[in-house]
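Accompanying notes for the structure given below.
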Amino acid sequence: AQSVTQLGSHVSVSEGALVLLRCNYSSSVPPYLFWYVQYPNQGLQLLLKYTSAATLVKGINGFEAEFKKSETSFHLTKPSAHMSDAAEYFCAVRPRSGYTGFQKLVFGTGTRLLVSP
Amino acid sequence: DTAVSQTPKYLVTQMGNDKSIKCEQNLGHDTMYWYKQDSKKFLKIMFSYNNKELIINETVPNRFSPKSPDKAHLNLHINSLELGDSAVYFCASSQDWPGRYNEQFFGPGTRLTVL
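This is the structure:
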């Protein structure tokens, strides 16, 4: 079964510092990969997705992620953190097959990003 | 023009009661989902419906019964509520194209508190 691991339940950075949130997946076939953000008391919003076109994926709010097959990773980065980036971030994986209908989206355990002034 | 909406946003009730949460999407999607987010923020799928048919049914107590009257609506009814049912419940929707990544859009969540 597909799974995804997020290292670090909490990541603290200073405003203006680099943000790096880690995500590793387990799958023999590279799956579809997603990063979602959840702001306090809100639903999940898609930040970006990897669908096999480009390995470096740019998302909203200045975030990007790089798919590395050799490392089975899809880490999320942002060059300069802003106070408004403080939120919970979820990596998710969905199997890739000839027909991906009815396939579950499996979430990691989430990483809370804390940004200090 | 909310894409995926849920009602109510907050639900506080006593153990043993029966309650329902409603979800509607105006995106024209054919697949809808219910997720449960526990106090540690862990998200787990409960159910999924495609064109009003149940396609994913995780190991969920049969006190939970989803109902999809049409493609745009997926409701969740919970009988005999227990303390452990306290969580945030999210509805989501997607358009299921074969061979595609089928991005899911999430509602704002319903925070259920069982006393």
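Chains W and L, in that order, are what the protein sequence lines are.
Sequential numbering of the first sequence, starting at 19, is according to the working numbering.
Sequential numbering of the second sequence, starting at 1099, is according to the working numbering.
The beta-carbon is built from N, C-alpha and C at its ideal position, and this holds for glycine as well.
Please read all numbers here as calculations on a predicted model, not as lab measurements.
Listed by chain order, chain W residues near residue i by CB distance under 7 angstroms
i	result
lysine 1139(L)	Glu106, Gly128
glutamine 1202(L)	Leu123
Any chain L beta carbon closer than 8 angstroms to residue i
i	result
arginine 40(W)	no
leucine 62(W)	yes
tyrosine 43(W)	no
Residue i classed as buried or exposed, judged by whether at least 16 other C-beta atoms fall within 10 angstroms
i	result
glutamate 106(W)	buried
tyrosine 1199(L)	buried
histidine 28(W)	exposed
asparagine 59(W)	exposed
proline 49(W)	buried
tyrosine 43(W)	buried
methionine 101(W)	exposed
glutamine 1183(L)	According to the sequence displayed, residue 1183(L) carries aspartate and not glutamine. Buried, since its Cβ has 16 or more Cβ neighbours within 10 Å.
Own chain residues within Cβ distance below 6 angstroms of residue i, not counting five before or after
i	result
histidine 1171(L)	Glu1122
leucine 1174(L)	Ile1119, Trp1132, Pro1164
threonine 90(W)	Asn42, Tyr43
lysine 67(W)	Phe52
Residue i at chain W interface by Cβ criterion, 8 angstroms
i	result
tyrosine 1199(L)	yes
isoleucine 1154(L)	yes
proline 1206(L)	yes
Interface residues of chain L facing residue i [CB-CB closer than 7 angstroms]
i	result
lysine 87(W)	The contacting residues do not exist; lysine 87(W) stays about 17 angstroms from chain L at best.
lysine 67(W)	Tyr1199, Glu1201
tyrosine 50(W)	Tyr1199
Residues of its chain near residue i, where Cβ-Cβ distance is below 7 angstroms and the 5 sequence neighbours each way are ignored
i	result
threonine 118(W)	Its pLDDT being 48, under 50, threonine 118(W) is placed unreliably by the model, and the measurement read from it follows with that caveat. Answer for threonine 118(W): Arg112, listed in chain order.
phenylalanine 1188(L)	Tyr1133, Gln1135, Phe1204, Gly1205, Gly1207
aspartate 1128(L)	Asn1148, Asn1149, Lys1169, Gln1193, Asp1194
Which listed residue (the options) has its alpha carbon closest to that of residue i
i	options	result
glutamine 20(W)	Leu132(W), Pro135(W), Phe125(W), Gln60(W)	Phe125(W)
alanine 35(W)	Gly26(W), Asp103(W), Ser44(W), Ala71(W)	Asp103(W)
tyrosine 54(W)	Phe1203(L), Asn1148(L), Arg1209(L), Val1212(L)	Phe1203(L)
asparagine 1160(L)	Lys1150(L), Asn1177(L), Lys1117(L)	Asn1177(L)
alanine 99(W)	Cys109(W), His93(W), Asn79(W)	Asn79(W)
aspartate 1168(L)	Gly1126(L), Leu1213(L), Thr1211(L)	Gly1126(L)
Proximal chain W residues relative to residue i, where beta-carbon distance stays under 9 angstroms
i	result
phenylalanine 1188(L)	Gly61, Leu62
isoleucine 1143(L)	Lys122, Leu123, Val124, Phe125
Residues near residue i in its chain [Cβ-Cβ closer than 8 angstroms; skip 5 each side]
i	result
proline 1107(L)	The sequence shown places lysine at residue 1107(L), rather than the proline named in the question. Around lysine 1107(L): Pro1206, Gly1207, Thr1208, Arg1209.
serine 134(W)	Ser30, Val31, Ser32, Glu33
Closer than 8 angstroms to chain B by CB, residue i
i	result
serine 70(W)	Any reference to chain B falls outside this structure, whose protein chains are W and L.
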